[in-house]
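Read the structure below first, then the notes.
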Amino acid sequence: MAYTIERAHIRDLAKVKPFWKAMVEHYHETLAGQWPVRTPEQAWQLRHQEYMTWINEGSGVVFIARDVQANAVGYAALHFSSVGSTFDLGDAVGELESLAVHPEHRNHGLGARLIDACRKELHKRDIGYWMLDTLAVDERTNRLYSRAGFAPFLLTMVQSVEEAAPIDPAFTASIPLVPTPNTSRVPVTPAAAEAPGTSSAPGVAVPAEVPAAPVDALRVADDGAPVAQALDAVGIGDGGKVDDPAEAAGVVAKMARSAREASRVLARMRRAEKDELLVGMAEQLMAHAEEILAANRVDLDRGAEQGLPEGLLDRLTLDQRRLAGIAAALRGVAGLPDPVGEVLRGSTLPNGIELRQIRVPLGVVGMIYEARPNVTVDAAGLALKSGNAVILRGGSAASATNRSLVSVLREALAARRIPSDAVQLLDDGGRESARALMRAHGLVDVIIPRGGAELIATVVRESTVPVIETGSGNVHVYVDVDADLEMALRIVVNSKTHRPSVCNAAETLLVHAGVAQDFLPNVLTALHERGVVLHGDLQVHGVATAIGVPVDQATEAHWATEFHALEMAVAVVDGLDEAMDHVRRYSTGHTEAIVTENRSTARRWVQEVDAAVVMVNTATRFTDGGEFGMGAEIGISTQKLHARGPMALPEMTSTKWIVEGDGQIRG
C-alpha cells in the first residue's frame, strides 16, 4: 500500500489523538488494574502539551503517516534529550516516545517506515543512540522488539509506597534495552515496528544505524540532569568541547576574573569615550557585514538540516537589513544618557553630612540566551554603556554567528585600548559551561536569561548567582463589549501576525460575549487568511463552522502555551471579570491588553491586571525597549524586584550611597 510520511505541525496533532487514546486503552487492558493509569483524555492533555513544546522549541518531531486518501493511519513521536554522565553515549539521544499504526494498516511495513523516518532525523542531528519504552508485562510487544534486535540494558523496578511487601516481579515498570555494541544496521521488522506503542517512562531503546541509547533512566542518577535537559532543549547545552564540571568551572572563573578587571576600566570611562566606542562598534559591524552574514548562513543551513522550527530560524536569521538595524540600535544606545553617576536622591543632614545616592555599574553580567544574534550585540552594547563587562552564553544554533559578532566587537575594544575581555563569548563548553556560569557566585554579579519559559525557569531555579528573570510572554488581548471593533481588529491582527515568533506577540484572544457574533466572523477570517492556526472554545467553534474557518477545539494546554508561531487560542467570556480571571490563571506577567472605549473598564483593567506592561487600545507589539524610547533592551523582566518590563540602561545599574563630611563623629 502507498503511504506518505511527513512532519506534523501543531495543527495536525488533533489527528494523533485517536492513536494515543488507543495506546492508553491498551495499557488499561494489559495492566488489568495492577497499576494506576490515567484516563485517555487526561493522558492526552499531558502528551499534547509535550508535543506542542517539542515542535515549538525544536526539541522533538512528530511524523504522521497518511494513506492515498490523506487519512492519518499512524504516527511516531521522537524527542531529543540530554544524557546523564554515567554512560558515554554522546551529548544527546533520541527517545521514540510513541509509535502507533491503525490496525487495518499493520503488516504492510508502515511501522518500519515510521521508524526509518525517525532514524534519518537522528542521523541529521548526529545522534547515535535512541530508545523507547514498553510495559514489562506486555510480553507480545517485548518479544517483537527483541526479535528486532533489542537487548536488555537498564531495568527500572517500581513499587507502590503503600505496599508492605515487594510487588510481583511480573509488574516491574519497564525494561530499557539498547543494541549490542556494534555500528551495523539492525533491521526492524514490520511486525516489531507495529507493536501497540510505547510509553513515556524510562526506557526501551531502538537501534539506529549507529548504536542508540536510553535517557530518562540515566537522569535519575544525575542531579544536574534537569538542568542539562532544559539547556539542551533550547540548544544551550549541546555541541561543546568542555563537558567536565571542574574544567568548565575553571574556564568560567578565568573569564570572570578577566571580566572583573575589564569592568574596573569601564567604570572609569567618561560618557564620550563609551559613546565613541559604541559608534565604532556599529561601524565595524557594517564593515564586516559580509563575513557576519556568511557565518549566519552556516548556522541557518545547519539549522535547516536539523529541522529547527520556523520561529527559531526566523529569530536566528540575519540579513543586511537586520544587521543594519542591530548597528543602528548600537548608535541609538550611544545617543542615550549615561546612567552611571546619576544622582537619584540626596540631602544634607542636620550635622552637615551630605548624602547622595548614585547609579553605579552592576559589574560582571552573565547572559544566557537562545539563538538570537541581536541579543549578542544588544547585550554587549547596553553592558558597555552602563559600565559593565559581559560574558555571553548563546544557543549553539547561532554559534558561528555569535563568534563572528563577538570577534568584531572585541576588535573594536582593542582598537581603542579598552580590555577586549569586557565582552567575552562562553563558546567552548557544553551544558557544563552554562551550569558553571550559573554557579559562579562571587565571580559574576548577575545572570540574565533570555529565551523560552523552560530555559528561564531552569536558570532561576539552579543559579547561585542573582538572576534578573526575563519571563516568557503568554500575552492576551481582551476585546470588551464597548470596544471599537474596527480598532480591535487592527490591534488583534497586528499583535498576532506582525512578528509571531517574539515574546510580545499575542497568543490568546478573549472576546466579550456581547460582541462575539459581530466580531468573531471578521477576526477569525482575518487571522485565517494570514495563516494563523486557530484553537477555540465551543462558542468560537460554532461561529467558525458557520463561516467555514477551521478551528480546533482548544484545550487547557492551548490556554497556557506561548506558541512562538502563527497560532492563537480564542475564547468568549461573559465580561471583564471573567476575562481578568482567565488572565490571572494563564498569564506569564509579560503584557496584557484591552480594547475598550469605556474609561471605567479600562481603569479596572489597568489597576487589577498584574503584568509588567498593561495596555489599553494598542497592539502588544509595542512592549519593547526601542519602542519605549529606551534604545536596545537587554530583555523584558516579568519579576518585581530590581527591574520590571523592558530593561535598558538604568536597569543595568545598581546604586551606591556617597557620604561626605568634615570630621563628624557619632555620639
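Residue numbers (my numbering): 15 to 681. Just so you know, even glycine gets a beta-carbon here, dropped at the ideal spot from N, CA and C.
Rounding to the nearest angstrom, what Cα-Cα distance links residue i and residue j in this structure?
i, j, result
"alanine 303", "serine 418", "10 angstroms"
"alanine 530", "valine 554", "8 angstroms"
"asparagine 85", "leucine 440", "48 angstroms"
"arginine 199", "arginine 464", "In this prediction, arginine 199 scores a pLDDT of 33, lower than 50, which makes its location untrustworthy; the coordinate-derived value is nonetheless stated afterwards. Approximately 41 angstroms, taken between the alpha carbons."
"threonine 615", "leucine 590", "8 angstroms"
"threonine 667", "alanine 429", "26 angstroms"
"glutamate 261", "histidine 455", "16 angstroms"
"glutamate 64", "alanine 393", "31 angstroms"
"threonine 672", "valine 265", "Here residue 672 is isoleucine; the residue named in the question, threonine, does not match the sequence. Cα-Cα distance, rounded: 36 angstroms."
"glutamate 576", "glycine 360", "44 angstroms"
"leucine 299", "leucine 358", "35 angstroms"
"serine 413", "glycine 317", "11 angstroms"
"arginine 336", "alanine 450", "32 angstroms"
"lysine 31", "aspartate 638", "38 angstroms"
"isoleucine 19", "phenylalanine 533", "39 angstroms"
"valine 59", "glutamate 570", "Here the sequence assigns glutamine to residue 59, which means valine is not the residue at that position. When rounded, the distance between both Cα atoms is 7 angstroms."
"methionine 145", "glutamate 135", "14 angstroms"
Helix, strand or coil for residue i per DSSP?
i, result
"histidine 137", "helix"
"tyrosine 492", "strand"
"proline 353", "coil"
"histidine 302", "coil"
"histidine 512", "coil"
"aspartate 566", "strand"
"lysine 670", "strand"
"arginine 316", "helix"
"proline 323", "coil"
"leucine 469", "helix"
"glutamine 678", "coil"
"proline 225", "Note on proline 225: pLDDT 34, under 50, position unreliable in the model; the coordinate value appears next. Proline 225: coil per DSSP, three-state reduction."
"proline 32", "helix"
"methionine 295", "helix"
"alanine 385", "coil"
"alanine 215", "Its pLDDT being 37, under 50, alanine 215 is placed unreliably by the model, and nothing is read from it."
"glutamate 483", "coil"
"proline 50", "coil"
"isoleucine 650", "strand"
I'd like the list of long-range same chain contacts for residue i, defined as Cβ closer than 6 angstroms, with 5 residues on each side in sequence excluded.
i, result
"glycine 675", "Ile367"
"methionine 295", "Leu344, Leu423, Ala426"
"histidine 512", "Arg635"
"alanine 57", "Val38"
"isoleucine 505", "Val609, Ala633"
"glycine 556", "none"
"asparagine 356", "It should be noted that the sequence gives glutamate, not asparagine, for residue 356. Correct list, in chain order: Arg373."
"lysine 756", "Beyond the ends of the chain as shown, which are 15 and 681, falls residue 756; an answer cannot be given."
"serine 515", "Gly325, Asp328, Arg329, His578"
"glutamate 665", "Ala657"
"histidine 122", "Met15"
Please name the residue, chosen from the options, that lies closest to residue i on a Cα-to-Cα basis.
i, options, result
"glycine 395", "Ala454, Val293, Val82", "Val293"
"isoleucine 461", "Thr478, Leu136, Val627", "Thr478"
"threonine 522", "Val507, Asn536, Asp532", "Val507"
"proline 351", "Lys31, Tyr17, Ala662, Gly681", "Ala662"
"aspartate 689", "Gly677, Asn156, Val279, Arg386", "Here the chain comprises residues numbered 15 to 681, so residue 689 is not present and cannot be evaluated."
"alanine 397", "Ile78, Ile648, Ala657", "Ile648"
"proline 353", "Ala281, Val51, Asp333", "Ala281"
"valine 115", "Trp34, Asp152, Ala131, Tyr143", "Trp34"
"arginine 613", "Asp494, Thr472, Gly321", "Asp494"
"threonine 605", "Gly562, Met501, Asp588, Tyr492", "Tyr492"
"glycine 603", "Leu552, Gln621, Met594, Val627", "Val627"
"glycine 640", "Gly346, Pro50, Gly74, Glu305", "Gly346"
Which residues in the same chain as residue i place their Cβ atom closer than 8 angstroms to its Cβ, once the five residues preceding and following it in sequence are excluded?
i, result
"arginine 274", "Gly377, Val378, Ala403, Leu457"
"threonine 331", "Asn310, Leu314"
"alanine 558", "Leu534, Leu538, Leu548, Gly550, Pro564, Val565"
Starting from the C-beta of residue i, find all residues in its chain whose C-beta is less than 7 angstroms away, skip the five residues before and the five after it, and write them out in chain order.
i, result
"glutamate 611", "Asp496, Ala497, Asp498"
"serine 601", "Asn488, His490, Ala625"
"leucine 503", "Asn536, Val537, Ala540"
"proline 210", "Low local confidence applies: a pLDDT of 43 at proline 210 is under 50, so the model's placement there is unreliable, with the coordinate-based value given in what follows. If we look at proline 210 and ignore the five residues flanking it on each side, its Cβ neighbours are Met37, His40, Thr155."
"glycine 681", "none"
"alanine 28", "Asp566"
"glycine 659", "Ala626, Val627, Ile650, Ser651"
Counting contacts by CB-CB distance shorter than 7 angstroms, is residue i in contact with chain B?
i, result
"valine 493", "Looking for chain B here will not work: only one protein chain is present."
Just list the alpha helix (DSSP H) runs in the region 399-456, keeping only unbroken ones of 4 residues or longer that don't cross its boundaries, in chain order. Those alpha helix (DSSP H) runs which fall completely within the region 399-456 and span 4+ residues are 413-429, 445-452.
Beta strand (DSSP E) runs wholly inside the region 331-376, at least 3 long, in chain order: Here the runs fully enclosed are 357-362, 368-375.
What are the complete alpha helix (DSSP H) segments, minimum 4 residues, inside the region 554-613? The qualifying runs are 570-573, 590-600.
Could you tell me which uninterrupted alpha helix (DSSP H) segments, each at least 4 residues in length, are contained entirely in the region 497-549, listed from first to last along the chain? Taken in chain order, the complete alpha helix (DSSP H) segments of 4 residues or longer contained in the region 497-549 are 499-511, 527-543.
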